[in-house]
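Residue numbers (this note's numbering), protein chains in the order written: chain A, 984 to 1404; chain B, 984 to 1404.
Dropping the structure here:
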């Protein structure tokens, strides 16, 4: 049993950490609430004013120029934050938060096919880094606080606090997980999510009605062998979709650089290509987040959970997003990865004879888990988004996709701790 | 993209692994089914013939003698398996499986307060080790197969396959998790659990009816700040209960050795002590697994989820179990830890003003997570046993209990990868 002196020092340490983490969580949660509210607003605005898409190349160049003039090290984005957690040095500049916030909102207003988790992670990371500097924390504490910032950003923006916490620990090193920051990271993520809810933010609901073989009074879940094998086969496809996405961004980037060596001009290429694609395909479903479609019945994440069948939506979203990210639009990858995964699940469901909502759910978390190399966080995300009944299918999807997605990943600063095979 | 030759070699590798893992899973799952069926039978028999308790000292000595004569290295139990996973050497003897099976069934027939996961883990581990020897696997593959054996034993015996998989990886090293065995371990655990169900085994249902603030059409869960703080406070108590349990077993063992240096005679002390305690307290509720009580309304894990209040049941179970384990009865720690955790949750619920079923559920997984140092597996266990709605509370309970439980743990072969504080 600890001595009295030890107990006092433990209590003081606890209070010191709570004094750091609670304000950080409240600030990150509130920023995420404002961010989600703005995203909702600009998306509705874009739905009602489709012609705004023609401004996309200019908006992209304007955002890129603002980074060029004022960004400095903030342009490093997610990778800078991962680097700083591994090896705290100069810290993450505070200006990263407003820059990425405004850059992402502008990107979404004009219809770039990007996500929102990059923004949440970068806001969380840069706020945490500033806290660490103000309080002159040592390297170890700085690293924990940064991880908490990343976790709380992701937890609040998707309404999945435990996913955020496990993601924060899991994303740093491929194939390994370090527990020493577990509790501070989880506490920050839970409080940030709570704060975001207190601002009246509601997250989209993805209705997975399939519930295994559960009967009243039974355990919630009992796996069906044939269905399980089918989900495992689909998961291989999910893993290859993750891989195609990561490789796509990784390979298109240098090509764009060759065509147009001026960094702040590159978004113009992506903007023009996006406009051409919309014109060619005659649909605006692949612009922006894709959680909702501009018209009823359009391809969207929510609609992939319905009984309507969408054949190639996942591939088109992949093309739109790879172009937007490779030419420098801000926001992130995850919501487009959700779209690709849920869309591919929807497309494969009738082929394999699997309930569509179940496979859309598995695909949604598995393609994300494969691309970001966070299989456990994504299994838990399945539980937090869709409920616990189908956890065996979510885990199977995420673990197989993780194995099949290769070592590239979308975060290049991720260390390879333990190779996959 | 992989070449044709790579794909063929990948496929052959996959088939080879499936050829190993599927039979292993079926054998482990079937053994667990037989084991659970026998446990149910002997528990019912003991309920109907209470006088059998007087045979406990003799039964304990008989089991200990059988280990003394025929056990050899099998007496190393869980720790031998963890050692063999870290550093495969001579392997785990196959005789461990029947010895621990019979030893545990006999212990439960006569009323020792022990668990069942040790048996499942050891059956899984020794079967896996034999598979590895028959197929002459290299050290790395042997280690993966052993982990799969451990995971599938735990997954099948509690009906929680994903918990089993994460537990298998998490239990090896305190504070770290290695992903390279993730998929084979999960596949084995899922198939073993499926097999166990196919034999008609039903697991006990622990009814957590509390469901956060969920409303139809909302996300399944929305944390309540006051309730969350209360659960966090209870979790500190759960952590200290884990610590008291682990330290109790750790410290009582040497005392028993001093009193009685003959190893096979030690169970006699535990048996007599158990009889005296039953006589003194006038209740048989603390014998055996404790999932059900011999009389309606008695202290039991299932009843801790009801509205009845049990004050000190958790402490009495702790005393019974520490005595049984320290004097060498076979079976394991986890079901008694469930009892202690759920009982402590039940006791604290009215004091803190928390729904009793919720706190019983949190305590059940948190005390286990703290004693075995597997916070993530136990969070997932909360989801697999009680459903996903309260995952934030399960995670909070497990993470805090993990931090407060100290570095002892009940598995002494666990390496300390990353210290907790």
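Glycine included, each C-beta is placed from N, C-alpha and C at the ideal position.
Below 8 Å, too few C-beta pairs join the segment 1123-1131 of chain B and the segment 1333-1345 of chain B to call them touching: fewer than three. Contact with chain A is found for residue 1367(B), since one of that chain's Cβ atoms lies less than 8 Å from the residue's Cβ. Taking 8 Å as the Cβ-Cβ cut-off, the segment 1371-1394 of chain B approaches chain A at 1371, 1372, 1374, 1375, 1378, 1379, 1382, 1383, 1385 and 1386, given in chain order.
Proximity of residue 1220(A) to chain B, defined by a Cβ-Cβ separation below 8 Å, is not satisfied. For residue 1066(A), the enclosing alpha helix (DSSP H) covers residues 1060-1069. Contact check between the segment 1160-1168 of chain B and the segment 1026-1046 of chain B: fewer than three CB pairs, one atom from each, fall below 8 Å, which does not count as touching. Within the segment 1120-1138 of chain A, no residue has its Cβ closer than 8 Å to any Cβ of chain B.
At a cut-off of 8 Å between beta carbons, residue 1144(B) contacts chain A. Straight through space, the alpha carbons of residue 1305(B) and residue 1218(B) are spaced by roughly 21 Å.
Residue 1140(B) holds the alpha-carbon nearest to the alpha-carbon of residue 1172(B) among 1140(B), 1354(B), 1034(B) and 1161(B). Taking 8 Å as the cut-off between beta carbons, none of the residues of the segment 1002-1022 of chain A comes near chain B.
A residue is called buried once 16 or more other Cβ atoms fall within 10 Å of its Cβ, and residue 1240(B), having fewer, is exposed. With fewer than 16 other beta carbons inside 10 angstroms of its own, residue 1062(A) counts as exposed.
By the 16-neighbour rule on beta-carbons within 10 angstroms, residue 1122(A) is exposed.
Excluding residues up to 5 positions away in sequence, 1143, 1146 and 1348 lie with their Cβ nearer than 6 Å to the Cβ of residue 1364(A) in the same chain. Within the model, the alpha-carbon separation for residue 1116(A) versus residue 1074(A) is close to 8 Å.
According to the DSSP assignment, residue 1307(A) belongs to the alpha helix (DSSP H) that extends over 1296-1309. From the listed residues 1212(B), 1262(B), 1035(B) and 1220(B), the smallest Cα separation to residue 1297(B) is found for 1220(B). Not one beta carbon of chain A lies nearer than 8 Å to the beta carbon of residue 1298(B). Residue 1002(A) counts as exposed, since fewer than 16 other C-beta atoms from the protein chains shown sit within 10 angstroms of its C-beta.
Around the CB of residue 1249(A), 16 or more other CB atoms lie within 10 Å, so the residue is classed as buried. Contact annotation for residue 1000(B) against chain A: no contact, minimum CB-CB distance about 11 Å [criterion: below 9 Å]. About 6 Å separates the beta carbons of residue 1271(B) and residue 1026(B), which is inside the 8 Å limit, making them a contact pair. In this structure residue 1031(B) is exposed. Its beta-carbon is surrounded by fewer than 16 other beta-carbon atoms within 10 angstroms.
Annotation: the continuous alpha helix (DSSP H) that includes residue 1361(A) extends over 1358-1369. The three-state secondary structure of residue 1120(A), taken from DSSP, is coil. Using a C-beta cut-off of 8 Å, the segment 1360-1379 of chain B makes no contact with the segment 1326-1334 of chain B, since fewer than three inter-stretch Cβ pairs fall below that distance.
Straight-line measurement puts the Cα of residue 1106(A) at about 12 Å from the Cα of residue 1017(A). Per DSSP, the unbroken alpha helix (DSSP H) holding residue 1240(A) starts and ends at 1208-1242. Boundaries of the alpha helix (DSSP H) around residue 1383(B): 1374-1387. Excluding residues up to 5 positions away in sequence, 1109, 1110, 1112 and 1113 lie with their Cβ nearer than 8 Å to the Cβ of residue 1077(B) in the same chain. DSSP places residue 1077(A) in the coil class of the three-state scheme, outside both helix and strand. Not flagged as an interface residue toward chain A: residue 1071(B), since no C-beta distance is shorter than 8 Å.
According to the DSSP assignment, residue 1277(A) belongs to no alpha helix (DSSP H), since it is labelled neither H nor E.
Separation of residue 1323(B) and residue 1184(B) (C-alpha to C-alpha, rounded to the nearest whole angstrom) is 25 Å. Distance from the CA atom of residue 1260(A) to the CA atom of residue 1036(A), rounded to whole angstroms, is 12 Å.
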